[in-house]
Amino acid sequence: MHPTASSDQDETASSGLGHATELRRKIAMARGPLAAALDRFWSLPDAAARYPEMLFHIYCVVHATVPVMEAARRSAEARAPSDPLAAAVEAYLARHIPEEVNHDEWLLEDLEVLGVNRESVGRRIPPPAAAALIGSVYYWTLHAHPVAWMGYAAVTEGHPPSEEFLLSFIERSGLPRQAFRTYLKHAHLDPHHSHEMYALLDIMPLSAEHTALLGVVAFQTIRHVAALFDALATQKPPRAGS
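Using the working numbering, the letters of the sequence shown map in sequence onto residues 9 to 250.
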């Protein structure tokens, strides 16, 4: 991170370089704690033993993702007659929601490969970090503006693990490749989704308040995802199949 990053961000906002560039710079400035949390988790000597629990946490987030998107789309649709930005968000979500359907099912199948019964997953209480992450997105999309979803997606879809990294971890861990289907698919899907979203941001009629909201949501998403992985790195892994 460049020591004058804050000044660069202000210049971006006023120089017409684009909403996408501004949001990318904000995320780059704030992403350090998340990158560190991810590195800590994947570098743990017992990361393989913790991987099923990590998939459970990710499942809890992904299981709620389409419902959040649908809530944001309904909110955008209600605002659309008098809000051109909401109309653009509604059209984007209408296209994007079908692409996210059943990703939670992929994760359940990955967990089953590891011997985790899907019924046991459904009985567990979702972790606080997952609830905080998803709950904050619900709040901002419903009570601020549905464009808030894009601040969340810019973080969660913006930096997926690469296929090269995943294959290296699979080899190192000894875990079956079939248990990484969701991650391997997202290594290819997320960059496309991110590129599409950022391209749309650059042509959206965003006000200063909207760009500020995107930044706040992105910052808090970074904070919540980092907290989720920090918890995974410090808590004792549950028994296999639990």
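The C-beta atom is built at its ideal place from N, Cα and C for all residues, glycine as well. Every value quoted in this text rests on a predicted model; they were computed, and no experiment measured them.
{"Item": "Report the rounded CA-to-CA distance for alanine 95 versus glycine 182, giving the unit in angstroms.", "Value": "48 Å"}
{"Item": "Taking buried to mean at least 16 other C-beta atoms within 10 Å of its own C-beta, is glutamine 228 buried or exposed?", "Value": "buried"}
{"Item": "For the region 51 to 63 against the region 180 to 197, do three or more pairs of beta-carbon atoms, one drawn from each stretch, fall closer than 8 Å, so that the two count as touching?", "Value": "yes"}
{"Item": "Quick check on arginine 109: buried or exposed, where buried means 16 or more other Cβ atoms within 10 Å of its Cβ?", "Value": "Rather than arginine, the amino acid found at residue 109 in this sequence is valine. Per the 10 Å Cβ criterion, exposed."}
{"Item": "Tell me which same chain residues have a C-beta within less than 8 Å of the C-beta of histidine 200, skipping the five on either side of it?", "Value": "none"}
{"Item": "Closest to serine 83 by CA distance: which of His194, Leu42, Glu98, Pro75 is it?", "Value": "Glu98"}
{"Item": "Could you check the C-alpha separation between threonine 149 and aspartate 54 for me, to the nearest Å?", "Value": "38 Å"}
{"Item": "Out of curiosity, what's the CA-to-CA distance linking serine 14 and proline 106?", "Value": "Residue placement at serine 14 is flagged as unreliable, the pLDDT there being 32, under the threshold of 50; the coordinate-derived value follows with that caveat. Roughly 37 Å between the two C-alpha positions."}
{"Item": "Going by DSSP in three states, leucine 267 sits in which element: helix, strand or coil?", "Value": "Since the first and last residues shown for the chain are 9 and 250, residue 267 lies out of range."}
{"Item": "Please say whether alanine 226 and leucine 31 have beta carbons closer to each other than 8 Å?", "Value": "yes"}
{"Item": "Say whether the region 160 to 177 touches the region 84 to 93, bearing in mind that this needs 3 or more beta-carbon pairs closer than 8 Å, one atom from each stretch.", "Value": "no"}
{"Item": "Which same chain residues end up closer than 8 Å to leucine 221 when comparing Cβ atoms and leaving out the 5 residues on each side of it in sequence?", "Value": "Trp148, Ala152, His153, Val155, Ala156, Gly159"}
{"Item": "According to DSSP, is glycine 26 helix, strand or coil?", "Value": "coil"}
{"Item": "Would you tell me roughly how many angstroms separate the C-alpha atoms of glutamate 117 and leucine 209, rounded to the nearest one?", "Value": "34 Å"}
{"Item": "Below 8 Å between beta carbons: does that hold for histidine 71 and serine 144?", "Value": "no"}
{"Item": "Which whole-angstrom value describes the C-beta separation of alanine 234 and alanine 45, a residue pair presumed to lie in contact below a C-beta threshold of 8 Å?", "Value": "4 Å"}
{"Item": "Within this structure, are the beta carbons of methionine 205 and histidine 27 separated by less than 8 Å?", "Value": "no"}
{"Item": "Which stretch, first to last residue, makes up the alpha helix (DSSP H) that contains glutamine 3?", "Value": "For the chain, the structure presents residues 9 to 250; residue 3 sits outside this window and is missing."}
{"Item": "With the cut-off set at 8 Å, would you say arginine 132 and phenylalanine 64 are in Cβ contact?", "Value": "yes"}
{"Item": "Does the separation of the CB atoms of leucine 122 and isoleucine 66 fall below 8 Å?", "Value": "no"}
{"Item": "Between alanine 195 and leucine 174, which are expected to be in contact by the criterion C-beta below 8 Å, what is the C-beta distance as a whole number of angstroms?", "Value": "6 Å"}
{"Item": "Measuring alpha carbon to alpha carbon, tell me which residue in Glu113, Pro136, Pro135 is nearest asparagine 125.", "Value": "Glu113"}
{"Item": "Throw me the rounded Cβ distance for the cysteine 129 and leucine 141 pair, which I believe falls under 8 Å.", "Value": "Checking the sequence shown, residue 129 turns out to be valine, not cysteine. About 18 Å separates the two Cβ atoms, so there is no contact after all."}
{"Item": "Can you give the beta carbon distance from proline 168 to cysteine 68, rounded, assuming they're within the 8 Å contact cut?", "Value": "Proline 168 to cysteine 68, Cβ: 18 Å. No contact."}
{"Item": "Report the option in Phe188, Leu101, Ala137, Glu78 whose CA atom is closest to the CA atom of isoleucine 230.", "Value": "Ala137"}
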